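In what follows, a structure is listed as structure tokens, so that the remarks can point back to it.
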Amino acid sequence: MNDTEDRQMWKKFEMETTPLSAGDLSVNKVKIKGYLDSSTFPQLQEHLDNLLREGNHYYLLDLENLTYISSAGLGVLMGILREVREKQGDLKIINMSDKIERVFSLLGFSRLMKVYSSEEEALEAFSQAAENQEVEDPENRF
Amino acid sequence: MRNQNDRIELRIPARMDYLCTVRLFFEDLARCFGFPEKDVENIVMSVDEAVSNSINYSRREEEPLRITVSLTEDAMTITIEDAGDDFRERFRQNVEIEEHLREMREGGLGLHIMKTFMDAVDYKRTPHQTNHLTMVKFLR
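Here the protein sequences line up with chains A and B, keeping their order. Quick note: the first sequence, position 117, residue 117 per my numbering, numbers continuous. Quick note: the second sequence, position 33, residue 33 per my numbering, numbers continuous.
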């Protein structure tokens with residue numbers, strides 16, 4: 001990517017949501033493009049809040065085209081992670097750039113949110129976790 | 001050769017939609033100054049956090065934020081001035097990152113980022129009821 005393309009991307013923020021399946025689970029893949037800072041985070045917050053209200057508790061965030069994240073953006077991710085985990089759901093991440101990964105690592109976020117190298121791998125992990133949960137759930141033992 | 005103490009002053013509207021412009025300015029400046037890429041990213045993120053805080057707590061939206069950059073041979077010093085509320089108490093407090101993560105708190109990382117990513121951060125409340133936040137990054 002050249003400098004001009006990078007700058008054009010910085011001027012906007014876009015999201016694209018695609019419904020996916022992981023075994024019996026419905027997973028929403030949310031692709032985030034551009035920069036996520038104090039001026040743009042309310043858009044993501046509102047979008048994810050709406051999805052949560054509709055009963056969606058499994059999220060796959062595709063950060064391939066996320067060029068910047070500030071503490072405001074990290075705060076949105078933290079809030080959503082807390083909410084979905086309270087509802088036994090989860091949030092996983094794919095395609096994180098080195099730049100964003102460094103921020104996650106320095107601030108300890110990489111310990112909370114698992115990053116996968118591909119969509120297939122993340123969906124498999126969702127599916128596996130759901131199977132394990134069923135086994136562990138006493139109501140489902142008999 | 002760089003002068004002993006070059007100064008650059010920016011005045012920007014106290015609005016979040018100017019954050020991107022501020023980041024791009026500091027990205028170029030830090031890179032041209034010779035900082036390694038990781039330091040460029042650290043400076044950009046710290047300035048973004050400081051300016052966001054200033055805008056968030058600004059009492060007078062119509063007053064622009066003043067950002068001053070001082071360049072010496074081996075350091076970049078950035079001062080952000082605003083007419084917002086006194087934040088001495090918030091500045092003194094240090095974030096316990098383990099607790100922050102355990103409780104999955106959504107906010108309060110801005111100052112932690114500045115203190116972690118810059119070499120020195122200082123805060124002064126002036127007699128004119130303005131805030132001066134100063135951050136330093138040394139060129140190694």
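Every residue, glycine too, gets a C-beta built ideally from N, C-alpha and C. Quick caveat, the model's predicted, so the values are computed rather than measured.
- The beta-carbon of B:Asp17 is placed less than 7 Å from the nearest beta-carbon of chain A.
- Taking the CA atoms as reference points, B:Arg102 sits about 29 Å from B:Met135.
- Taking the beta carbon of B:Ser52 as reference, the chain A residues within 9 Å of it are Asp37, Ser38, Ser39, Ser70, Ser71 and Ala72, listed in sequence order.
- Residue burial annotation: B:Gly108 is exposed, with fewer than 16 other C-beta atoms found within 10 angstroms of its C-beta.
- The alpha-carbon of B:His128 is positioned some 26 Å away from that of B:Leu71.
- In chain order, Met104, Arg105 and Glu106 make up the part of chain B whose C-beta sits under 8 Å from the C-beta of A:Met78.
- The count of Cβ pairs closer than 8 Å, one atom from the segment 86-101 of chain A and one from the segment 56-66 of chain A, reaches three, so the stretches are in contact.
- Assigned with DSSP and collapsed to three states, B:Met76 falls in strand.
- Each of A:Asn50, A:Met113, A:Arg82 and A:Gly34 was checked against the Cα of B:Arg105, and the nearest Cα belongs to A:Arg82.
- Taking 7 Å as the CB threshold, A:Gly108 lines the interface with chain B.
- In the three-state scheme derived from DSSP, where H, G and I count as helix and E and B as strand, B:Glu63 is classed as coil.
- The criterion of a C-beta distance shorter than 7 Å is not satisfied by B:Arg125 and B:Asp74.
- Residue nearest to A:Met96 within the set A:Gln128, A:Ser118, A:Val76 and A:Gly73 is A:Ser118 (criterion: CA-CA distance).
- DSSP lists B:Asn131 as the bridge partner or partners of B:Asp82.
- Here B:Glu98 has no same chain residue with a Cβ atom under 6 Å from its own Cβ, once five neighbours each way along the sequence are excluded.
- The C-beta of B:Arg11 has fewer than 16 other C-beta atoms within 10 Å across all chains shown, which makes the residue exposed.
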